[in-house]
């Protein structure tokens, strides 16, 4: 820590390099699959090759007799104890909520659903034995297309439910009929949010170690606390008998915000066999069975005046649930309900969403979860409105957005945006982008009929994050609260242990939380150790997702630190024989106001509290403190992203020429980490725009099961980004912070697609379905209808996994 | 079962292995060298990249028997008994990792990249690392890290920079 005349440098706001790196760059990491206690057995799952079929028989006898195989089970073998995988978000009272066994018993409803498993002494033996399991299937019709699934007489995913519609959820505010009536401009659009596969680099892995009737379950999860509670609920094993550890976790992006069947079965197998069991997925297995993201069909109607002012917006969604409702599946599209209005003012808004069952992998949270879909829709519409009115897309936004002096602002979707400055972020972005210069180049290329056209895309986004105020979650019928917990332990030597309920998996909490603690307690950064991700150490928490760690968990830590200081103040006053009111606390030291030389450091007070020889009456011998913070509101990061694409009209190839992101995430604890989050977010949002799509063929086979088919971008596919920030503090928390984890992903997809469409607009193109592959761009230019899914190449998938012929 | 003799990170191992055993599983499951992770099963992601006789290979696409008589270096073998390798240091300095799962492979591939091209341009780094996927960083800081390490490795400073000033500028 650099000392200056004014005392130690402030940690908060400084780009400190991460302390977690030391183990990650040397390979001394504790991934779940790295662990194998003595006696560990390996599990392999046999998975359904059918999208939909009745199981008429499973014979594991042959597999069981192979050398090295300890046990083999079918779903029926666990039918009495495996319970059902939970859905914690019952969005409507009449929501259809099908039974979801961890291992299928009677029927399979997506390709990849587990039907049997082998437990063996090593992974090769386990996989070999899968070949000897016989399963008899009676195929049933696949239900692949959402619009067909909701049509009369459609084949059903769950016969017993009588419908493929899980729920219909409605939000309305203002008089939409009046807004639409005689509107000078009405735009109607249909946008498709293609299905995505989150693809964290670390495949899922789970290891369950039994000790008597107690179990330690290590899992590559984002949610050790929620998982523990859910495992107890599903299996009936007491919550106090289960310890869940999320060791080093290699990314999640929502995909590890889940209670997976394999986690439940690892626990049940460990109980049944009395030995540690481990399962680690292969990537191809994971692409079929990790929950997917997005997958919506959006029908949008926007009414506006001729001067560009929006009157009202109507949103009708079909959201693909996949075959079952998982942890928060039905709620994900509804997180978008509050965001389709974006940063704009309007008089009326209507949102209707139907959740639809199909015979595909279940969907659930993927980075942004509902907000990227909404932001895409409104930001695409704003560019369409600008084109319709022959107006600059920045100008049409200026005429509609909430001006900085209008905050706090109650939006048409029922939220209160606490703060923001869209003008400042936009001005900065325009300058960095050299907007006018690029517009001039665009005009020039158009005039010259350059085969490579330039397009400029705009996205002035906001999002709601810092999930979430518990009362809001309650009003949305979510099954839990949205608080976060932190505790601070002052050790006798003056070192500090911080325990957080957030569960980092790449975000850098160990560094950022130590920075917060160092500042609040006035202790050196190096003296702080951050503990997380183990329910035996961190007994309370709501874990990490929804850009909530700093805006909720960080604030809890901030409050816990202040409680430590409050406790220490009483002890220090006693030691200094002064009244508490006369003490000041600065740079980790209490002193009597005006008498700087008399003082006690926090470490000295901690030691005095530990010794407890001379404490004031009624004071416990401990400075340890904890705090649980429940946010009063969401946080609303915002920003302006500008993208320039070069589109080759002869080949359809899109190249990002320039990308400028100016984000306002409020106060920043570590700008290095924030910038990294924005970079990574941009990459994933751009990937949705240009590269990625989970493709199913007509029979319900996923054809993008490998990384050769599901194209996550490489370094060669992405540009260098120009990032900057404006800083409008959140007023809803004492640190002024907002979330940052999802902002880049939410903002960038529409910026890129707007840029692609802008390049092609002179050719009469007003949409290119995502991902904007060369083939799709090329077809759009020739006004050819776009291929349905599962044509090779339609979504980047080569179909090497079979299915597409 | 064939018997192989492999040097890994400076130690020699002799083992009987199934002919089908992948090098990465030999490293992880037999030798306990779990610093090298597995990210896919189609040799696309590069997380398992190691050096074999100094050249980068994806250890999921090499059989253990093919490593017989070879010298394998994993991320755990870098900077043994001394300072971190300049590439490791550069990844830290430039914040070129978040979850860190791709990092061992990314570092090993980058070292091999510099073996072929000591002073790569941004574009050459991007093209050179096309076979290594990262889901967290958007690659920008990885590119910076590789070029930073390249600069350092071209002109090794007599005294390695102290690790003291952790706070940037």
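Chains as they are written, first to last, in UniProt numbering: chain A, 1 to 805; chain B, 1 to 169. Just so it is clear, CB atoms sit at the ideal spot from N, CA and C, and this is done for glycine as well.
How many angstroms separate the CA atom of residue i from the CA atom of residue j?
i: residue 169 of chain A; j: residue 464 of chain A; result: 19 Å
i: residue 160 of chain A; j: residue 278 of chain A; result: 35 Å
i: residue 331 of chain A; j: residue 598 of chain A; result: 57 Å
i: residue 474 of chain A; j: residue 257 of chain A; result: 19 Å
i: residue 328 of chain A; j: residue 225 of chain A; result: 15 Å
i: residue 45 of chain B; j: residue 95 of chain A; result: 40 Å
i: residue 248 of chain A; j: residue 35 of chain B; result: 12 Å
i: residue 706 of chain A; j: residue 284 of chain A; result: 5 Å
i: residue 254 of chain A; j: residue 280 of chain A; result: 18 Å
i: residue 104 of chain A; j: residue 297 of chain A; result: 29 Å
i: residue 346 of chain A; j: residue 111 of chain B; result: 55 Å
i: residue 197 of chain A; j: residue 295 of chain A; result: 10 Å
i: residue 796 of chain A; j: residue 655 of chain A; result: No answer about residue 796 of chain A holds up, because its pLDDT of 43 lies below 50 and its placement is not dependable.
i: residue 28 of chain A; j: residue 28 of chain B; result: 13 Å
i: residue 470 of chain A; j: residue 336 of chain A; result: 18 Å
i: residue 141 of chain B; j: residue 19 of chain A; result: 17 Å
i: residue 48 of chain A; j: residue 121 of chain A; result: 24 Å
i: residue 234 of chain A; j: residue 651 of chain A; result: 53 Å
i: residue 136 of chain B; j: residue 43 of chain A; result: 29 Å
i: residue 653 of chain A; j: residue 452 of chain A; result: 9 Å
i: residue 220 of chain A; j: residue 101 of chain B; result: 12 Å
For residue i, which residues from the same chain have a beta carbon less than 6 Å from its beta carbon, with the 5 sequence-adjacent residues on both sides left out?
i: residue 529 of chain A; result: 497
i: residue 378 of chain A; result: 340, 342
i: residue 161 of chain B; result: Low per-residue confidence applies at residue 161 of chain B: pLDDT is 49, beneath 50, and the placement is therefore not dependable enough to give any value.
i: residue 169 of chain B; result: With a pLDDT of 37 at residue 169 of chain B, under the threshold of 50, the modelled position of that residue is not reliable, and the figure given next carries that caveat. Within the same chain, residue 169 of chain B has no close Cβ partners at all.
i: residue 459 of chain A; result: 379, 641, 747, 750, 751
i: residue 350 of chain A; result: 172, 176, 314
i: residue 230 of chain A; result: 86, 259
i: residue 536 of chain A; result: 243
i: residue 801 of chain A; result: Caution is warranted here: a pLDDT of 45 is assigned to residue 801 of chain A, below 50, making its placement in the model unreliable, and the coordinate value is therefore given only provisionally. 703, 705, listed in sequence order.
Kindly list the residues whose CB is nearer than 8 Å to the CB of residue i, restricted to its own chain and excluding five residues on each side of it in sequence; keep chain order.
i: residue 746 of chain A; result: 368, 371, 372, 375, 461, 463, 681, 685
i: residue 571 of chain A; result: 605, 608, 609, 615, 616, 619, 623
i: residue 438 of chain A; result: 454, 456, 644, 658
By the criterion of Cβ-Cβ separation under 7 Å, what are the contact partners of residue i in chain B?
i: residue 510 of chain A; result: Ordered by position in chain B, no residue passes the 7 Å Cβ test against residue 510 of chain A, which lies about 12 Å from the chain.
i: residue 505 of chain A; result: 99
i: residue 24 of chain A; result: 97, 100, 103
i: residue 682 of chain A; result: 138
What does residue i reach in chain B if we use C-beta pairs closer than 8 Å?
i: residue 818 of chain A; result: With chain A covering only 1 through 805, there is no way to say anything about residue 818 of chain A.
i: residue 720 of chain A; result: 122, 140, 143
Can you give the beta carbon distance from residue i to residue j, rounded, assuming they're within the 8 Å contact cut?
i: residue 396 of chain A; j: residue 385 of chain A; result: 6 Å
i: residue 486 of chain A; j: residue 626 of chain A; result: 7 Å
i: residue 670 of chain A; j: residue 515 of chain A; result: 6 Å
i: residue 634 of chain A; j: residue 466 of chain A; result: 5 Å
i: residue 325 of chain A; j: residue 87 of chain A; result: 4 Å
i: residue 51 of chain A; j: residue 138 of chain A; result: 13 Å between Cβ atoms; not a contact.
i: residue 302 of chain A; j: residue 310 of chain A; result: 7 Å
List the residues of chain A whose Cβ lies closer than 7 Å to the Cβ of residue i, in chain order.
i: residue 93 of chain B; result: 17
i: residue 126 of chain B; result: 715, 716
i: residue 107 of chain B; result: 25
i: residue 116 of chain B; result: Chain A residues near residue 116 of chain B: none, gap ~16 Å exceeds 7 Å.
i: residue 14 of chain B; result: The contacting residues do not exist; residue 14 of chain B stays about 20 Å from chain A at best.
Go through its chain and collect everything with a Cβ distance to residue i's Cβ below 7 Å, but skip five positions before and after it.
i: residue 518 of chain A; result: 11, 524, 525, 528
i: residue 214 of chain A; result: 241
i: residue 200 of chain A; result: 250, 251, 252, 253, 255, 256
Taking residue i as the query, report the chain A residues whose CB atoms sit under 8 Å from its CB, ordered along the chain.
i: residue 41 of chain B; result: 282, 283, 284, 706
Going along chain A, which residues have a C-beta under 9 Å from residue i?
i: residue 45 of chain B; result: 201, 283, 707, 712
i: residue 7 of chain B; result: Within chain A, no residue comes near residue 7 of chain B; the closest Cβ sits about 17 Å away, beyond 9 Å.
Can you name the residues of chain B whose CB is closer than 9 Å to the CB of residue i?
i: residue 128 of chain A; result: By Cβ distance, chain B contributes nothing, its closest Cβ being about 10 Å from residue 128 of chain A, past 9 Å.
Exercise for review: Taking a Cβ distance cut-off of 7 Å, strictly less, list which residues of the segment 690 to 707 of chain A are near chain D, in chain order.
Suggested key: Note that chain D does not occur in the displayed structure, where the protein chains are A and B.
Exercise for review: Could you please tell me which residues of the segment 133 to 153 of chain B, in chain order, have their CB closer than 9 Å to any CB of chain A?
Suggested key: 133, 134, 135, 136, 137, 138, 139, 140, 141, 142, 143
Review point. Listed in chain order, which residues of the segment 54 to 74 of chain B have Cβ atoms closer than 8 Å to some Cβ of chain A?
Key: 74
Check your understanding: If you measure beta-carbon to beta-carbon, which residues of the segment 271 to 291 of chain A are closer than 7 Å to chain B?
Key -> 282, 283, 284
**Study point:** Residues of the segment 244 to 272 of chain A whose Cβ lies closer than 9 Å to any Cβ of chain B, in chain order
**Key:** 248, 249, 250, 251, 252, 253
Review point. In chain order, what residues of the segment 27 to 56 of chain A put their CB closer than 7 Å to some CB of chain B?
Key: 27, 28, 29, 31, 34
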